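Residues in the sequence shown are numbered consecutively from 33, following the working numbering.
The block underneath contains the structure these notes are about, expressed in structure tokens.
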Amino acid sequence: MNLKSGLPFWLIKNGLSKDYHTLDSDLETEVLIIGSGITGALTAHFLCEAGVKCAIVDRRMVSTGSTTASTAQLQYEIDVFLFELIDLVGEEAAVRAYKLCLESITTLEGIIKKLGISCDFSRKSSLYLASDRHGAKDLEKEYAIRKKHQLPVTLLDRATLKEKFNIDRRNALYNDCSAQVDTYLLCQKILEHYKKTCGLIVYSHTDIIKIENTGDGIVAHTEKKQRIKAKKIVAAPGFESESLLNEKVMKLNSTYVLVSKPLKDTDFWNERCLIWETARPYIYIRTTSDNRIMLGGFDEPFQDPKRRDKLMEKKNDAILKRFKKLFPESKIELDFYWCGTFGETKDGLPFIGEHPEHKDMYFALGYGGNGITFSVIAAEMIRDLYTGKANPDTQIFKFNR
Ligand SMILES: Cc1cc2nc3c(=O)[nH]c(=O)nc-3n(C[C@H](O)[C@H](O)[C@H](O)COP(=O)(O)OP(=O)(O)OC[C@H]3O[C@@H](n4cnc5c(N)ncnc54)[C@H](O)[C@@H]3O)c2cc1C
């Protein structure tokens, strides 16, 4: 699948990793992870930490799937409002899913600190803006339900929003528990760390085309006819899950991102908070450590790469126009842009864990605008499943829920 086009900023900023090669002989390992994006890297982290021998393979250059295209805003609030999620999956599961997303940001911060990784992680506040009257009503309802469940949230009215952030919208939800990161760099550093300290095996350009149960384990077959034998396989293929799962569990969309030229310190809004809005499709906005604005959105409900790419310039104009409506004084000028594919599920939640038709496999499919927080949740859960530690939260993200 063509996952992205254009020039993702993170690839230019960090460059490609040269340390990995194609698998050219058979391999045996305890756990094989398919996919070297943030989900695969975090799964390797938790498994290596638990003393499990792992190997990771990727059909591309390492970590250059959706992880390079991501804007990497870390928020506990998912695309589906909590009050809507309650209608879809019940109050207990919905609230727990939101709380797990909140915890996952702290977990990720802990991993970064523990491994001593420098990857532009910073804690941020976040604004969820009402795009119109209807959005403002939804935010009021959302505020009440989040407050009831002790989730961190403040409702800002029009006057406060104007005074504090110079933004003219009816209202907004505010929290100071969000974060931003350079996920591509984080991913590379996690893999390097465990390669050095735990003998993690990593192969790039190694495409898994078939998986077979042998009775005493599981074997992955590569396109170049190598066999990888393992006790278990973790599938962390991002949005390319269909060839491993044989089931469609998500809808694919196209999304667009642009990055400004560096600006002066005085050209930013207060707290440089993350910003998104209730309109669908929405725009999302963050800043970078080198004083740029990174913003994206205007998603289209299709995946066709040719159609997606043709729209790129039109989408850039639309995103910039919406940004300027929010910040009419901004001196923003375009520097890089790209577009990518992303998947979403009906309830906005990921699919994590075992699948009845795929013995000896775990899936880590973190879909939606909050894919990275779902990657953290999935990776930790897979460690628990593999090591036999009870984890009742697996019920929330199971297949056929
Ligand atoms: C434009 C954009 C903006 C986003 N913004 C945000 C955001 O602000 N916050 C957020 O939390 N999330 C965001 N997301 C989502 C987030 O980036 C993804 O959820 C996350 O990067 C997925 O990571 P992953 O490791 O699961 O997938 P990937 O990074 O795609 O990694 C999967 C890897 O598996 C490999 N692979 C697949 N199949 C095979 C196979 N059969 N054999 C071998 N290798 C295989 C692929 O080559 C790929 O490298 C965004 C996504 C996009 C596209």
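C-beta: ideal position from N, C-alpha, C; glycine also.
These numbers were taken from a predicted model, which means no experiment stands behind them.
Alpha carbon of residue i to alpha carbon of residue j, nearest angstrom
i           : j           : result
residue 226 : residue 76  : 8 Å
residue 123 : residue 173 : 15 Å
residue 369 : residue 204 : 28 Å
residue 1   : residue 393 : Given a span of 33 to 433 for the chain in the structure shown, any question on residue 1 remains unanswerable.
residue 146 : residue 68  : 21 Å
residue 259 : residue 224 : 24 Å
residue 184 : residue 114 : 13 Å
residue 400 : residue 377 : 7 Å
residue 298 : residue 48  : 33 Å
residue 287 : residue 247 : 42 Å
residue 188 : residue 196 : 10 Å
residue 356 : residue 309 : 14 Å
CB contact flag (residue i, residue j, <8 Å)
i           : j           : result
residue 219 : residue 95  : yes
residue 252 : residue 414 : no
residue 46  : residue 216 : yes
residue 481 : residue 367 : Outside the modelled stretch of the chain, which goes from 33 to 433, sits residue 481, for which no answer is possible.
residue 336 : residue 294 : no
residue 256 : residue 426 : no
residue 63  : residue 391 : no
residue 186 : residue 160 : no
residue 273 : residue 417 : no
residue 359 : residue 301 : yes
residue 201 : residue 176 : no
Environment of residue i [buried if 16+ CB atoms lie within 10 Å]
i           : result
residue 312 : exposed
residue 83  : exposed
residue 428 : buried
residue 380 : buried
residue 411 : buried
residue 198 : exposed
residue 241 : exposed
Residue i CB to nearest heavy atom of ligand 3 below 7 Å
i           : result
residue 154 : In the structure on display, ligand 3 does not appear, and the ligands it does have are ligand 1.
Cβ-Cβ separation, residue j to residue i (assumed contact under 8 Å), whole Å
i           : j           : result
residue 285 : residue 383 : So it is not a contact: roughly 17 Å between Cβ atoms.
residue 262 : residue 249 : 6 Å
* Would you call the stretch 86-105 and the stretch 414-426 in contact, with 3 or more CB pairs under 8 Å? -> Of all C-beta pairs linking the stretch 86-105 to the stretch 414-426, fewer than three are shorter than 8 Å, placing the two stretches out of contact.
* Asked: Are there three or more Cβ pairs, one per stretch, closer than 8 Å when the stretch 94-104 is compared with the stretch 36-56?
  -> yes
* Quick check: the stretch 143-153 against the stretch 207-225, are there 3 or more CB pairs under 8 Å? -> yes
* To do: Count the C-beta pairs between the stretch 60-78 and the stretch 398-408 that are closer than 8 Å, then say yes if the count reaches three, no if not.
  => yes
* Specify whether the stretch 322-330 and the stretch 347-357 touch according to this definition: at least 3 beta carbon pairs, one from each stretch, less than 8 Å apart. => yes
* Asked: Contact between the stretch 130-144 and the stretch 103-118: three or more CB pairs below 8 Å?
  -> The answer is yes - the stretch 103-118 touches the stretch 130-144, with three or more Cβ pairs under 8 Å.
* Check whether the stretch 336-346 touches the stretch 357-367, taking contact to mean three or more Cβ pairs, one atom from each stretch, closer than 8 Å. => no
* Below 8 Å, can you find three or more Cβ-Cβ pairs linking the stretch 295-306 to the stretch 275-283? -> no
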